């Protein structure tokens with residue numbers, strides 16, 4: 001029987017390696033499947049031929065590569081590179097230990113590309129859904145300068161700061177989102193179950209009902225009779241919004257609109273500008289030309305509207321304008337930040353000023369996030385009070401009228 005060398009993973013994810021005899025590679029793969037083992041590679045030792053296992057791999061939903069995965073990957077690459085571990089060997093180890101299947105598969109392809117003679121930055125850029133453009137360009141700079149380990153630790157710090165900013169924004173928005181969701185659920189419950197119970201009492205009395213009560217009953221009757229249409233409309237609206245955000249125009253409109261949301265829009269804008277300052281500073285200090293650094297940063301901010309403004313800055317710089325004048329024309333930056341950029345250009349320390357700009361915006365975001373809950377609470381109280389007032393007028397006013405009639 002032919003001899004085969006195999007790699008596989010059991011149901012717990014443990015790596016299995018070895019050699020075994022089988023009548024064919026297909027039969028060996030079928031044996032693995034019957035034993036709930038996923039074959040990774042099967043190579044015929046006699047013929048030096050690799051068997052295609054695409055038909056034997058189970059269907060697996062592609063998982064998104066999060067910032068946590070990129071932070072861990074960058075720190076691991078920094079440790080391995082600074083320890084002198086060969087690049088291909090380091091990546092092979094990360095393929096087998098990666099906690100994210102999508103990242104592991106991408107790294108496996110990167111290893112194959114490196115063995116075929118491709119550069120690391122080029123191999124990364126083939127997986128734009130896994131590795132951000134900023135990471136690919138910074139790795140390219142690290143390859144040219146021979147400081148790949150420093151690049152990875154800079155990227156790890158950058159991703160950690162970005163994750164911290166995103167978590168702060170999400171934490172601040174969690175309370176109002178929960179309150180608004182609770183109010184929506186309460187309105188639906190009252191319309192479907194509470195108001196119909198009062199409607200029977202009012203109908204038996206035969207008295208003329210006030211206008212607020214008639215409006216509430218009309219809304220309740222409509223929701224009871226056509227709830228399935230409302231549910232279908234809600235689902236269709238969600239699908240339409242989700243599909244619209246996948247288009248370039250839809251994403252641009254949403255990225256522009258969310259910067260104008262009351263109380264929250266300014267925080268989102270400043271947190272985006274923190275990302276701009278950090279990524280631009282990192283690209284600029286790595287030796288990337290100013291125009292190219294702005295182009296990389298425009299794609300790294302993850303906001304199409306702000307990215308368009310950064311591209312406008314880039315176009316202004318390419319026309320011969322100064323960085324400060326081009327940034328002023330966008331209208332995104334405060335006068336204090338523009339003064340800091342002007343001083344940085346005059347003194348030749350733009351990188352230092354960009355770091356100060358990032359810290360300035362981070363302090364503003366932290367301050368606004370701490371005060372966001374206190375600013376939202378009165379609005380939530382007014383909304384809840386308005387809902388209680390409408391219910392009181394619509395439900396309890398006719399009950400008081402009925403009590404007066406009975407007396």
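Residue numbers (the UniProt record's numbering): 1 to 407. C-beta atoms are modelled at their ideal positions from N, C-alpha and C, and glycine is treated no differently. Just so you know, these numbers come straight off a predicted model, no measurement behind them.
As a beta-bridge residue in DSSP terms, residue 16 pairs with 8.
Residue 119 sits in coil when the DSSP states are folded into three classes, being neither helix nor strand. For residue 330, the closest C-alpha among the options 141, 320, 312 and 344 is that of 312. Nearest neighbour of residue 282 by Cα position, chosen from 152, 221 and 94, turns out to be 152.
Beta bridge pairing from DSSP links residue 3 with 21. One Cα belongs to residue 269, the other to residue 68, and the distance between them is close to 23 Å. The three-state reading of DSSP puts residue 43 in strand, counting E and B together.
Shown here, residue 66 sits in coil according to DSSP, grouped into three states, outside any helix or strand.
Non-local C-beta neighbours of residue 163 in its own chain, meaning closer than 6 Å and more than five positions away in sequence, comprise 67, ordered along the chain. In terms of Cβ geometry, residue 391 and residue 213 do not form a close pair [threshold 8 Å].
Around the C-beta of residue 241, fewer than 16 other C-beta atoms lie within 10 Å, and the residue is accordingly described as exposed. For a cut-off of 8 Å, the C-beta gap from residue 106 to residue 130 is around 4 Å, short enough to register as a contact.
Annotation: residue 74 to residue 109 spans about 18 Å, alpha carbon to alpha carbon. Cβ-Cβ distances below 8 Å link residue 183 to 383, 384 and 387 in the same chain, with the five nearest sequence neighbours on each side left out; the list follows chain order.
The beta carbon of residue 337 sits closer than 7 Å to the beta carbons of 357 and 360 from its chain, once the five residues preceding and following it are set aside; these are given in chain order. The shortest C-alpha to C-alpha distance from residue 176 to any of 203, 252, 235 and 264 is the one to 264. Taking C-beta separations shorter than 7 Å and ignoring five residues to either side along the sequence, the partners of residue 133 in its chain run 296, 299 and 300, following chain order.
Assigned with DSSP and collapsed to three states, residue 86 falls in coil, not helix or strand.
In its chain, beyond the 5 residues on either side, 251, 252 and 255 have a beta carbon closer than 7 Å to the beta carbon of residue 304.
Distance between residue 210 and residue 394, taken at the CA atoms: about 8 Å.
Note on residue 4: 16 or more other CB atoms within 10 angstroms of its CB, so buried under the neighbour-count rule. Remark: fewer than three beta-carbon pairs, one from each stretch, lie closer than 8 Å, so the region 184-196 and the region 88-101 are not flagged as touching.
The alpha helix (DSSP H) runs of length 4 or more contained entirely in the UniProt domain "Type II secretion system protein GspF" (73-196) are, from start to end of the chain, 87-97, 101-115, 120-125, 133-145 and 148-189. In this structure residue 302 is exposed. Its beta-carbon is surrounded by fewer than 16 other beta-carbon atoms within 10 angstroms. Residues of the same chain with a CB within less than 8 Å of the CB of residue 279, apart from the 5 flanking positions on each side, are 134, 158, 296, 297, 300 and 301 in chain order. In this structure, 149 is the residue among 149, 274, 168 and 174 with its C-alpha nearest to the C-alpha of residue 83.
The C-alpha of residue 276 lies about 11 Å from the C-alpha of residue 309. Residue 238 carries a helical assignment under DSSP once its states are collapsed to helix, strand and coil. With contacts defined as CB atoms closer than 8 Å, residue 365 and residue 215 fail to qualify as a contacting pair. Distances from the CA of residue 2 to each of 70, 26, 16 and 326 were compared; the closest alpha carbon is that of 26. In this structure residue 195 is buried. Its beta-carbon is surrounded by 16 or more other beta-carbon atoms within 10 angstroms.
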